[in-house]
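> One structure follows; several queries about it will come next.
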Amino acid sequence: MPPVRTKRTTGKREQNKLANRAAILEAAQSTFVKMGYDAVTVRDIIRLTGLASGTFYNYFEDKAELLHALIEQHMGTMATRLTTARRSATSIEQFIHSAYLAFFQEIADNPDFYAMLFRNEPVIRTFYSGSVIGNTMTMLKQDLSLAISRGLLPEMDTDYLTAILGGAGYEMARMIVERKGKKPEEAAAFVTQFFIKGLQEFQRSDETRLIRRGPLKLDGAAR
1045 MPPVRTKRTT GKREQNKLAN RAAILEAAQS TFVKMGYDAV TVRDIIRLTG
1095 LASGTFYNYF EDKAELLHAL IEQHMGTMAT RLTTARRSAT SIEQFIHSAY
1145 LAFFQEIADN PDFYAMLFRN EPVIRTFYSG SVIGNTMTML KQDLSLAISR
1195 GLLPEMDTDY LTAILGGAGY EMARMIVERK GKKPEEAAAF VTQFFIKGLQ
1245 EFQRSDETRL IRRGPLKLDG AAR
């Protein structure tokens, strides 16, 4: 007669599975930083965990799936935090500052993951369009369109604005990882002031163009 599985036995088994998966993810992150994704083998990863060599395939099909899991583990939470911050904003300043502060704080709290991301940037970009990284940019564009419709931002090209805001955030994130001592609060305040002044100038120049243009005419008559 087979042994009866108690809830305690099942619970411990599930905890072991979670622990093994977490150990593999942590080892992968470390080796991807030190050796680079292309140079790392499954054996390199498992060697750091102390697990049996075949254990890896109980959790991941290959290292590509493992890398994808690492990205989603961090960036999925990040995307949710950013969307929540932007959609709860009641001003332009809050829209920009709260999102950047959440982003930079997440990076400061998880420097090893972002060091891995920047170390393997060419490989990461192969996941761009179909992964949560690409989804993050899509969500930014959606939130910008929503902010414009709510009157928080002036009417402008959301493709350009997404590229500018996303690109600036990405490069400042790299700086926070590579230059120790950069504080998330200072970085968020700097980029917010920079963009606010730019948006104000954009609005002024747009209003000036409208004033200089004067009344439109059709067939010589003012409209």
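What the sequence shown shows, in the numbering used here, is residues 1045 to 1267, in sequence order. Using N, Cα and C, we set each Cβ at its ideal position, and we do this for glycine too.
Hey, Val1235 and Ile1151 are a contact pair by Cβ (cut 8 Å); roughly how many whole angstroms apart?
Not quite, the Cβ-Cβ distance comes to about 13 Å (not below 8 Å), so this is no contact.
> Does DSSP classify Asp1082 as helix, strand or coil?
Note: Asp1082 maps to helix in three-state DSSP.
> Identify every run of the alpha helix (DSSP H) within the region 1077-1125, keeping only runs that are complete inside it and at least 4 residues long; order them along the chain.
Qualifying alpha helix (DSSP H) stretches, in chain order: 1086-1093.
> Could you spell out where the alpha helix (DSSP H) holding Gly1213 opens and where it closes?
1202-1222
> Could you tell me the boundaries of the alpha helix (DSSP H) in which Arg1169 lies?
Premise fails: Arg1169 is in no alpha helix (DSSP H) and is neither H nor E.
> Using 10 angstroms around the beta-carbon of Met1219, count the other beta-carbons present and answer buried if the total reaches 16, otherwise exposed.
Within a 10 Å sphere around the beta-carbon of Met1219 sit fewer than 16 other beta-carbons, which makes this residue exposed.
> In the DSSP assignment, the alpha helix (DSSP H) including Glu1137 goes from what residue to what residue?
1136-1153
> Leaving out five residues before and five after Arg1131 in sequence, what residues of the same chain have Cβ atoms less than 8 Å from its Cβ?
Asp1187, Leu1190, listed in sequence order.
> DSSP three-state call for Gly1178: helix, strand or coil?
helix
> Anyone know if the C-beta pair for Ala1072 and Leu1110 falls short of 9 Å?
yes
> Could you compute how far the alpha carbon of Gln1138 sits from the alpha carbon of Ser1074?
Rounded to whole angstroms, Gln1138 to Ser1074 spans 36 Å at the Cα level.
> At the level of alpha carbons, what is the spacing between Thr1182 and Ile1068?
30 Å
> When you compare only the Cα positions, how much space is there between Ala1207 and Arg1057?
About 46 Å.
> To the nearest angstrom, how far is the alpha carbon of Met1160 from that of Glu1199?
37 Å
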